[in-house]
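Encoded as structure tokens, the structure appears first; notes follow it.
Protein chains in written order, with this note's numbering: chain X, 8 to 375; chain C, 291 to 606.
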């Protein structure tokens, strides 16, 4: 196993820049997820780490070794494809043993290793079956088996659960994480599904238009989004934004939104007057008739323990997550109380988050 | 008119089925009657073969096959009587017509030429076609579209249109009447078909298979050999049949460029007429034998052939 270090990695296809100066480090044994909408450059980055694409610029180090221009087969990595790429003309046993055959391993040893791997993935009863008859989850396990049988330096997975049914997907998310906890293989996992990313990752990089918008733990990314894109992409429903104007001064603890004073985490930098946005997670909204921030109920979405309530305010629809027990009828006027300790502030132009006391706590938590 | 006569929009009506069936049967008859006639003629005696009205029922004889494989000389009855007893059926039949067998005919070597040239050129066309199709399918070839169009454009006119230049070139290069020359020529004609057909098949094989193999430690060539080829067998078989049928049946170039050692069966068979009169049973026998390899090959690979014909008609 090894750490993966990506330095100023760049990839251009003609005039189109797919990946722009990416930098990140995946530590040894870490489960790293690249998350972003389709076309954001996450798969291209993964393919460059694999050696299936050559970068236009930058460096890739695997376990301290520069492999930027090496061929895929010289990198000692394993790749799980979205469509699994199981060879239809081979049975399960030969599929899993295929990478070992390339190393010229004696067939008795291959047999042993394949069986051991199959046991680990609980597919030993399928070894002599044809891959074309397998169910989605089993195909996925065979693809994983082919990846882990060689014990490579790291695993790269390109949306491996993308084609599975929801039922299988939840099961495989669990199995993948469990497998990772057992073998501690450095893993780079690409997905557009935030639930997969949040539930499996040690670290996440959120990408958009070839740029890494934020790199951090799932908690950091959810609680302290670095940009409005991240805030909007992560969370279901996503973060709400309320516009406000004017600049911010260091030390400010309050802003004015739609004529109502709102307490925010203490601001740690000066921001020149510009269009700003207040970011509020749906679960940080309470209904409080005393609040000056008001709106009318637009609709509700019942989810069992909670409900998502859409409230029409002067600045568009805000979604709040509140206990399911509250009864609300459309058109009803409500006041919105916000959890002042958990709000984010953004510069609308650049989308960048303003530094606040929330970020101090994060820094302390990391260093302490 | 009754309102209850609901009809399906997808299932053909019984009338439509009847009409379609009639057309197919008629077409099959029209196609197969000449073949049956040739097959029947090959087992007739020369007088039966030219009898008028034509004989449908006749006493079968293998005289045609005897004449096909031998050359014969006409002798006086006295000379024939002076010979020892006939050594076989053919010998006996020939003597009845006041002739003796002088030696084997050229049919067998010509037939072998056909086999060598047709299978040789098919192998070359499919081999080159597979590699170029893979290249066009997987790599960024500069001017790929123009090159592919150029390859296709070689089929715009009938190959025979270039017969004269090729005849002159082959004479200069010493390729006239050689098996190598014919293999090169048929390969050149067929390779365009092979590239286009196979590119379609290979495009359908996801490239993840090779990528997976390359990551797992194989070179590109090994990955191609172990993952792409096994999945392209249907396409390769279909392409091979098309190439083989062309090379096997080709007459015009063969007649123009081969006359002796490298002559193939198609230009040879008509020369049987005139060697010993209009020997139709021998011609029919030659044709019948000539049809056998392609018939066997086609029946064996008919599924692939069908897929090759309908290929691209249904897109996923």
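Even for Gly, the Cβ is constructed at its ideal location relative to N, Cα and C.
Within chain X, the residues placing a beta-carbon under 7 Å from that of residue 507(C) are 80, 106, 109, 110, ordered along the chain. For the pair residue 401(C) and residue 585(C), the Cα-to-Cα distance works out to about 15 Å. Around the beta carbon of residue 422(C), a 10 Å sphere encloses 16 or more other beta carbons of the protein chains shown; the residue is thus reported as buried. Residue 197(X) is a Cβ neighbour of residue 50(X), given a cutoff of 8 Å. Contact between residue 487(C) and residue 412(C) does not hold, since the beta-carbon distance rounds to 13 Å and is not under 8 Å. Taking a beta-carbon distance threshold of 8 Å, residue 84(X) counts as an interface residue toward chain C. In the three-state reduction of the DSSP assignment, residue 73(X) falls in the strand class, which pools E and B. By the criterion of a C-beta distance shorter than 8 Å, residue 324(C) is surrounded by no residue of its chain, once the five residues flanking it on both sides are discounted. For residue 321(C), the three-state secondary structure derived from DSSP is helix.
Going by DSSP, residue 338(C) is part of no beta strand (DSSP E) but of the alpha helix (DSSP H) stretching over 336-339.
Straight-line measurement puts the Cα of residue 549(C) at about 37 Å from the Cα of residue 371(C). Closest by C-alpha distance to residue 587(C), out of 555(C), 530(C), 562(C), is 530(C). With the criterion set as a beta carbon lying under 8 Å from some beta carbon of chain X, the members of the stretch 483-515 of chain C are 496, 498, 499, 501, 502, 503, 504, 505, 506, 507, 508, 509, 512, in sequence order. Close to residue 521(C), with beta-carbon spacing below 9 Å, are these residues of chain X in chain order: 94, 95, 96. Beta bridge pairing from DSSP links residue 330(X) with 313(X).
Taking the Cβ atoms as the reference, residue 471(C) lies roughly 6 Å from residue 460(C), within the contact range of under 8 Å.
Within a 10 Å sphere around the beta-carbon of residue 339(C) sit 16 or more other beta-carbons, which makes this residue buried.
Interface flag for residue 321(X) against chain C is unset, since no Cβ pair is found closer than 8 Å.
At least one CB of chain X lies nearer than 8 Å to the CB of residue 517(C).
Residue 255(X) is not a Cβ neighbour of residue 284(X), given a cutoff of 8 Å.
Around residue 88(X), the beta-carbon contacts reaching into chain C at under 8 Å are 498, 501, 502. Within chain C, the residues whose beta carbon sits less than 7 Å from that of residue 57(X) are 505, listed in sequence order. One thing to note: residue 72(X) has its Cβ no nearer than 8 Å to the Cβ of residue 34(X). Considering only 391(C), 346(C), 404(C), 378(C), the residue with the shortest C-alpha distance to residue 365(C) is 391(C).
Our two residues, residue 79(X) and residue 138(X), have alpha carbons roughly 25 Å apart in a direct line.
Distance from residue 322(C) to residue 577(C) at the Cβ level is roughly 14 Å; contact not present, criterion being Cβ atoms closer than 8 Å.
In this structure, residue 214(X) lies away from residue 38(X), with their beta-carbon atoms at least 8 Å apart.
Sixteen is the threshold: when 16 or more other Cβ atoms of the shown chains lie within 10 Å of the Cβ of residue 211(X), as they do, the residue is buried. For residue 257(X), the three-state secondary structure derived from DSSP is coil. For residue 223(X), the enclosing beta strand (DSSP E) starts and ends at 218-223.
Taking C-beta atoms under 8 Å as the contact rule, residue 219(X) and residue 29(X) qualify, at a distance of about 5 Å. Taking the Cα positions, residue 305(X) is about 35 Å away from residue 170(X). Assignment of beta-bridge partners to residue 380(C) by DSSP yields no partner. Look at the stretch 197-250 of chain X and you find these whole runs of alpha helix (DSSP H), each 4 residues long or longer: 201-207, 225-230, 235-240. Counting C-beta pairs closer than 8 Å gives fewer than three between the stretch 109-122 of chain X and the stretch 182-198 of chain X, which falls short of the contact rule.
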